[in-house]
Every structure is written in C-alpha cells, then in structure tokens.
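> Here's a structure for you.
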Amino acid sequence: GSIVYDIGCGNGKYFNNDRLYMLGCDVSPKLLDYALKRNEKASLVACDVLNLPIREQSCDAFLCVAVLHHLSS
Numbered sequence: 001g002s003i004v005y006d007i008g009c010g011n012g013k014y015f016n017n018d019r020l021y022m023l024g025c026d027v028s029p030k031l032l033d034y035a036l037k038r039n040e041k042a043s044l045v046a047c048d049v050l051n052l053p054i055r056e057q058s059c060d061a062f063l064c065v066a067v068l069h070h071l072s073s
C-alpha cells in the first residue's frame with residue numbers, strides 16, 4: 001500500500017484505512033497516545049510541524065487537515 005504522512009495527525013482520525021501505511025506527527029503527546037490506540041500499526045512521532053523528521057521522497061502522499069491556522073508564520 002501507499003505510505004501517507006499525516007502532518008498534525010491529532011487523534012488519528014484518518015488512520016482507519018488498511019490499504020495505507022500511516023505515518024503521523026503532532027506536537028501533542030497526549031493526542032499521539034490516543035491516535036496509537038486507534039491504529040496500533042501507525043508510526044507516530046511528537047514534533048513541530050516546521051521541523052518534520054522525514055526524508056525527501058519517502059512518502060507517496062501527505063495529509064494536513066486543520067493545521068495551518070495554528071501556525072504563526
């Protein structure tokens with residue numbers, strides 16, 4: 001399946017697709033804990049959206065829902 005990186009994944013709302021390998025990041029460790037309970041196969045990391053720990057061309061798609069308005073710049 002495709003590799004999708006959910007930037008600002010929050011509670012993992014979009015992780016329930018078995019055809020995708022989901023990577024996720026969020027600034028909130030509490031939300032990441034909840035997201036992992038929704039999909040134990042997801043790979044999650046706590047980080048700032050402006051400093052993503054990801055290599056170029058390592059994902060097929062990115063998802064970023066309801067995040068940009070939280071950024072100051």
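Note that the UniProt record's numbering numbers the sequence shown so that position 15 is 15, with each residue one more than the last.
Think of the CB as a built atom: it goes at the ideal place given N, C-alpha and C, for glycine as much as any other residue.
Going straight from the alpha carbon of residue 52 to that of residue 59, what length do you get?
Spanning the two alpha carbons is a distance of roughly 13 Å.
> Helix, strand or coil, according to DSSP, for residue 52 in the structure here?
If DSSP states are grouped into helix, strand and coil, residue 52 belongs with coil.
> Okay, do the stretch 60 to 67 and the stretch 3 to 14 touch, 3+ Cβ pairs below 8 Å being the bar?
These segments touch.
> Measure the C-alpha to C-alpha separation of residue 31 and residue 19 and round it to an integer number of angstroms.
If I take the Cα positions, the gap works out to 23 Å.
> Going by C-alpha distance, which of 39, 71, 55 is nearest residue 16?
The shortest Cα separation from residue 16 among 39, 71, 55 belongs to 39.
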